[in-house]
Amino acid sequence: MKFVAFLMAGPTCHHHAMWRHPQTENRFLDPAFWETLARTLEAGRFDGLFFADVLSFYNETTMARGGQMSLLDPVPLVAMMARATSRIGLGVTLSTTFHEPYAIARVLSSLDLLSGGRIAWNIVTSAGDLEAQIFGDEAILPRSERYDRAEEVLKACLDLWTGWADGALVLDKESGDFIDEAKMRRTEIAGKYVGARGVFTVPPSPQRHPVIMQAGSSPRGRDFAASHAELVFTLQHSLPDMQEFYAEMKDRVGKAGRNPDDCAILVSVDPIVGETESLALEKQAYVNGLVDPGLGIPFMSAHTGLDLSQYPIDKPIIDIPAETGSRGSFDIILQGTKANNLTLGEAARHFAISELCPQVVGTPETVADQLQDFFENKGCDGFIVTPTEMPGTFEAFTRSVVPILQKRGLFRKEYPGSTLRETIKA
72 MKFVAFLMAG PTCHHHAMWR HPQTENRFLD PAFWETLART LEAGRFDGLF FADVLSFYNE
132 TTMARGGQMS LLDPVPLVAM MARATSRIGL GVTLSTTFHE PYAIARVLSS LDLLSGGRIA
192 WNIVTSAGDL EAQIFGDEAI LPRSERYDRA EEVLKACLDL WTGWADGALV LDKESGDFID
252 EAKMRRTEIA GKYVGARGVF TVPPSPQRHP VIMQAGSSPR GRDFAASHAE LVFTLQHSLP
312 DMQEFYAEMK DRVGKAGRNP DDCAILVSVD PIVGETESLA LEKQAYVNGL VDPGLGIPFM
372 SAHTGLDLSQ YPIDKPIIDI PAETGSRGSF DIILQGTKAN NLTLGEAARH FAISELCPQV
432 VGTPETVADQ LQDFFENKGC DGFIVTPTEM PGTFEAFTRS VVPILQKRGL FRKEYPGSTL
492 RETIKA
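Sequential numbering of the sequence shown, starting at 72, is according to the working numbering.
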C-alpha cells in the first residue's frame with residue numbers, strides 16, 4: 072500500500088472550505104509550516120507528497136471566496152522541504168503546455184540532485200483559457216494538441232536527461248580535466264511544438280530522471296499515462312468505479328508494452344478520523360457545512376471547459392462534450408452525478424466539498440478497514456490523501472491510521488531505500 076499527500080500552495084486542496092475550518096492554521100505563506108508538515112508525513116512513512124498547481128485564478132468569484140488556488144510556486148517549496156527531510160518523495164506539477172523542455176529538465180534534475188533522488192514530476196497539460204492568457208495567449212491549445220505537445224515535451228526531457236554518460240564528470244585536479252567530452256551527447260530535437268538543441272548542463276541525478284506522475288482520466292490521458300507514468304493519480308467515487316479504472320489502466324499499461332506492476336494506481340481519498348463513529352460524522356458534517364455553495368458551479372465550469380451557469384441547477388447534468396477543458400474531469404463528474412441521481416446544484420455542492428472524491432469517515436480502525444477493502448479488492452495500489460483541515464488531517468492520519476495498517480502488514484515501517492523510485496517499487 073502506498074500513500075502520497077495531496078497539497079496545494081494556497082488556502083484549500085480538494086475541500087474548498089478547508090481554509091475556513093477553525094483548526095486549519097492558514098500558514099501557507101510560512102516556510103516553517105511546510106517544513107514541519109514534510110517531517111510529519113515522513114514520520115508517517117508516506118511514499119511522498121506532491122503539489123498540485125494551477126497557473127491562474129479560476130475566476131473572480133473563486134478568488135474572492137477562497138476556493139482552490141495556488142498562491143506560491145511549488146518548486147522552491149519542494150527545495151525547502153527537501154532540506155527538512157531525508158527520505159520522503161517530493162512531487163512538483165509542471166505543465167507541458169506552458170513550460171519548455173529545457174526549463175523543466177533543468178529544474179527537476181537540479182531538485183533531484185539536491186534532494187538525493189526524491190523528486191517526482193506530475194505532468195499536466197492544463198485546461199483553461201485563463202492560464203493561457205496569463206502567459207500572453209488568447210486561448211489554450213485544443214485538448215488533442217495539448218497531449219501532442221506533452222508527448223514532445225516529455226521526449227525532449229528524457230533525451231536531455233540521458234545526455235551525460237556515467238563518468239562524464241571527471242573533476243581531476245591534477246590533469247585539469249573537468250568533463251570527458253566523449254561521454255557527452257548533444258540533444259537534437261525539432262518537433263512541431265517544441266525543440267531542444269545542445270548539451271544538457273546538469274550532471275546526472277540519482278534517479279537519472281524524476282518519477283513520472285500523471286492524472287489523466289480522458290482516453291487520451293489514460294493512453295499517455297499507460298505509456299509513461301509510474302504513478303497514476305485518479306479520482307473515483309466508489310469501489311466499483313475504482314476497480315473498473317484499475318483493471319482498465321493495468322490493461323492499457325500492458326498493451327503499451329510495459330509491466331503493469333511498473334505503474335501504480337493511486338485513488339484520492341479524504342479521510343475524516345474521529346475517536347468514535349459519531350464524532351467522525353459530526354466532524355464531517357461540520358466541515359462540509361462550511362462550503363460556500365456558490366463555488367461549485369464556477370469550479371466545475373473551469374475544470375470541464377463548459378459554462379455550466381447557463382444550465383438549470385435543479386436538473387440533472389446532461390452528457391455534453393467538454394470542448395476545451397478536461398474531458399476526463401467532466402466524465403468523472405458525470406459518473407458521480409448519474410450514480411447518485413444528482414442535480415447540477417447538488418453536484419456543484421459535492422464538487423466544492425471534495426471534488427467528488429470519497430470521504431472515508433470513521434474511527435482509526437474503520438478508516439483503516441475501508442482503505443484495506445479498497446486495496447485488497449483491486450481498487451488501487453495506494454492512496455492520494457487529501458486534507459479537510461491543515462495540518463490536522465495529516466497529523467491524525469499518521470498518528471492513528473498508519474500504525475493500524477502497519478500492524479496489519481499493509482504498510483511499511485521503514486523506508487526501503489534512499490530514492491523515491493526505490494520506495495514506490497518496494
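In this text, a Cβ means the ideal position worked out from N, Cα and C, and glycines have one as well. A quick note: this is a predicted structure, and the numbers were derived from the prediction, not measured.
Count the other C-beta atoms from every protein chain shown that fall within 10 angstroms of the C-beta of residue i, then say buried if there are 16 or more, exposed otherwise.
i: A282; result: Ala is not the amino acid found at residue 282; the sequence shown has Val there. The residue is buried, with at least 16 neighbouring Cβ atoms inside 10 Å.
i: M134; result: exposed
i: T498; result: No statement about residue 498 is possible, as the shown extent of the chain runs from 72 to 497 and does not include it.
i: Q204; result: exposed
i: K484; result: exposed
i: Q139; result: buried
i: D248; result: exposed
With H, G and I counted as helix, E and B as strand and the rest as coil, what does DSSP make of residue i?
i: N448; result: coil
i: P24; result: Outside the shown range of the chain, which is 72 to 497, sits residue 24, and nothing can be said about it.
i: P429; result: coil
i: L165; result: strand
i: P342; result: strand
i: T395; result: Summary for T395: the model assigns pLDDT 49, below 50, so the residue's position carries little reliability; its value from the coordinates is reported in the next sentence. Note: T395 maps to coil in three-state DSSP.
i: L361; result: coil
i: M461; result: coil
i: F295; result: helix
i: I205; result: helix
i: P331; result: helix
i: P435; result: helix
i: Q278; result: coil
i: V75; result: strand
i: I211; result: coil
i: P487; result: coil
i: T316; result: Here the sequence assigns Phe to residue 316, which means Thr is not the residue at that position. Three-state result, F316: helix.
i: F128; result: coil
i: Q94; result: coil
i: M255; result: strand
i: F454; result: strand
i: P82; result: coil
i: F482; result: coil
i: G160; result: strand
i: M140; result: coil
i: I283; result: strand
Can you tell me where the beta strand (DSSP E) holding residue i begins and where it ends?
i: A191; result: I190 to V195
i: S425; result: Segment L415 to S425 is the alpha helix (DSSP H) holding S425; no beta strand (DSSP E) there.
i: L240; result: L240 to D243
i: A261; result: T258 to A261
i: T305; result: L302 to T305
i: G199; result: Careful: G199 lies outside any beta strand (DSSP E) and carries neither H nor E.
Spatial neighbours of residue i within its chain, please: CB distance less than 8 Å, with the 5 preceding and 5 following residues excluded, ordered by chain position.
i: R257; result: G234, R268, G269 and V270
i: D230; result: T258, I260 and A267
Along the alpha helix (DSSP H) that carries residue i, what are the first and last residues, could you check?
i: D506; result: As shown, the chain starts at 72 and ends at 497. That puts residue 506 outside it, with no answer to give.
i: K478; result: V473 to K478
i: G266; result: No alpha helix (DSSP H) contains G266, which is instead part of the beta strand (DSSP E) from G266 to G269.
i: V224; result: R214 to W232
i: D104; result: Looking at the sequence provided, one finds Phe at residue 104 rather than Asp. Residues P102 to A114.
i: F99; result: Segment: none, F99 is in no alpha helix (DSSP H) and carries neither H nor E.
i: G247; result: Note, G247: premise wrong, no alpha helix (DSSP H); not H, not E.
i: F121; result: Per DSSP, F121 belongs to no alpha helix (DSSP H); it is in the beta strand (DSSP E), G119 to F122.
i: F370; result: G367 to T375
Here's a check: name, in chain order, each residue in its chain whose Cβ is nearer than 7 Å to the Cβ of residue i, leaving out the five neighbours to either side.
i: E171; result: V265
i: R98; result: F104
i: P331; result: K321, V324 and G325
Less than 6 Å between C-beta atoms, sequence neighbours within five positions excluded: which residues of the same chain meet that for residue i?
i: Q278; result: D183, G188, T490 and R492
i: C84; result: F77, T457 and P458
i: Q94; result: E460 and G463
i: S339; result: L306, C428, I455 and T457
i: P383; result: none
i: A109; result: M152, A155 and T156
i: A327; result: A297 and S298
i: W90; result: P82, T83, N97 and G137
At least one CB of chain D closer than 9 Å to the CB of residue i: is that the case?
i: F465; result: In summary, chain D is missing from the structure at hand, where a single protein chain is found.
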